[in-house]
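For what it's worth, the numbering used here labels the leading residue of the sequence shown as -11, then goes sequentially.
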Amino acid sequence: MQAAAQVPVLMYHAHPTMGFSHESYSEQAAFLSQNSYHTITPDELAAWIQSDEPLPIRPIVLTIDDNYIMVYTVAYPIMKQYGLCAVNFAHTHYVGVITGSGDHCDWIEIKEMEDNGAILTESHTIMHLRLTSMDEQSLNMEVAGSKSAIESNVAGKTCRHIAYPYGDYNEAVIQACRDAGYVSAYTTNTGLNYRTTPIFEIKRFAAGGEALSVFKDKIGFNNLAPAPPGDGWTIDNKDPNFTSYHTNWTPQKTPSGFYGSDFLLHAAGDGTHRVRWAAYLPEDGFYNVYAWWVSDVNRSQHAPYEIHHANGSDTVHVDQRVNGGRWNRLGTFQFSSQIAAMIFLSEQADGAVAADGIWFEPITSGVLGWQLY
């Protein structure tokens, strides 16, 4: 399975000494909302890594460590304002406690945020200690006890995810988290997350009061493929919502005319090696679907694009020897926001097949001024 697709995770600390402010957090949240980013939950990220589950368009995870009171007073209303979601990693011994570093959210506030869905709370252990220095019994109590406390105080909650205090972990810590019933764990290691990222070593970029230009670079905005010539959203072959199921789909940069940074190519075969573009579109409705490929003399005359939509599926064959380096309309199809739109392309053809970009252009969205690229 292709591993180039990547999802950014941001790590905030909702405290003024750590660069957190209403102004900067609001500016960054507004940018995400206005540029069609969709915040996803740790459950969704884990399902993408482990099971190749489709994600919404432009997925990103927002996390906030240490349960400071500004999670409730600042981050929570901003998340509600922009329809976004964040994760609050709480050390449960300090819930509702004022310490030398400041006040912390209490269980009533945590439950309110959880019930709203704008801020979900997961584990940051009990005492925020360095886990690698603990004996086995204490370690198990530290990771399991926090999970139990959250589940006991937030009705109906199953705590599945943990962030290592200080980013401190080793194999023994990972095993203790597995044994306690966690599904994933978050580190302080910097980097993007791929389908090959170990599920108990999720990477995060530290975020706070940086300039918007720095923030854009951090989340990969400056490296996105070009905007389409109209409304809608594109999936490139480097997108988190693109999957190639065999290594025989090889990256190419020649000939020119590709969309984004490159394209994938596969020799004619028996149809067992496929690629997939799949995402949850933001609105129900009809969409024009376009494909981009790179033409060459050895390309297939009947490259099979299989479009899965709200009413079933259709296969459209195209001649990839011509019309490369542009958007080519495959047809108009109805999609539901509750079911992932999926397009498959296989190498079962009479020549080499190129996989590059797909563009969904809404034509009956009911939303004015869409710019979802």
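Beta carbons: idealized from backbone N, C-alpha and C, even for Gly.
Environment of SER126 [buried if 16+ CB atoms lie within 10 Å]: Burial call: exposed.
7 Å Cβ shell around GLY339 - same chain, five flanking residues per side excluded: Cβ neighbours of GLY339 beyond the five flanking positions: ALA256, ASN286, ARG287, SER288 and GLN289.
Min CB distance SER126 to chain B below 7 Å: This model lacks chain B altogether, as it is built from one protein chain only.
Continuous beta strand (DSSP E) assignments of at least 3 residues falling wholly in the region 132 to 190: The region 132 to 190 contains these whole beta strand (DSSP E) runs: 149 to 151 and 172 to 174.
Rounded separation between PHE332 and PHE230 - CA only: Spanning the two alpha carbons is a distance of roughly 10 Å.
Local conformation of PHE246 per DSSP, three classes: Correct three-state label for PHE246: coil.
Of the residues ALA143, TYR56, TRP280 and GLY197, the one placed nearest GLU11, counting alpha carbons only: Ranking ALA143, TYR56, TRP280 and GLY197 by Cα distance to GLU11 puts GLY197 first.
Rounded C-alpha distance that separates GLU388 from TRP347: Residue numbering for the chain in the displayed model covers -11 to 361; residue 388 lies beyond these limits and cannot be assessed.
Coarse secondary structure for LEU200, derived from DSSP in three states: Three-state DSSP puts LEU200 in a helix.
7 Å Cβ cutoff met for ALA34 and ILE52: No, Cβ-Cβ distance for ALA34 and ILE52 is not below 7 Å.
Per DSSP, the bridge partner or partners of ILE295: Beta-bridge annotation (DSSP): ILE295 is paired with ASP302 and ILE331.
Pairwise C-alpha distance: ALA78 and SER24: Their Cα atoms are separated by approximately 29 Å.
Same chain, Cβ closer than 7 Å to GLN336, neighbours up to 5 away in sequence not counted: Cβ-Cβ distances below 7 Å link GLN336 to GLY257, ASP258, GLY259 and PRO292 in the same chain, with the five nearest sequence neighbours on each side left out; the list follows chain order.
Beta strand (DSSP E) runs contained entirely in the region 215 to 289, provided each spans 3 or more residues: As far as the region 215 to 289 is concerned, its whole beta strand (DSSP E) runs of at least 3 residues are 221 to 223, 230 to 232, 238 to 240, 251 to 254, 262 to 268 and 273 to 280.
Meets three-Cβ-pair contact criterion under 8 Å: the region 113 to 132 and the region 155 to 165: Between the region 113 to 132 and the region 155 to 165, the count of C-beta pairs closer than 8 Å reaches three or more; the two stretches touch.
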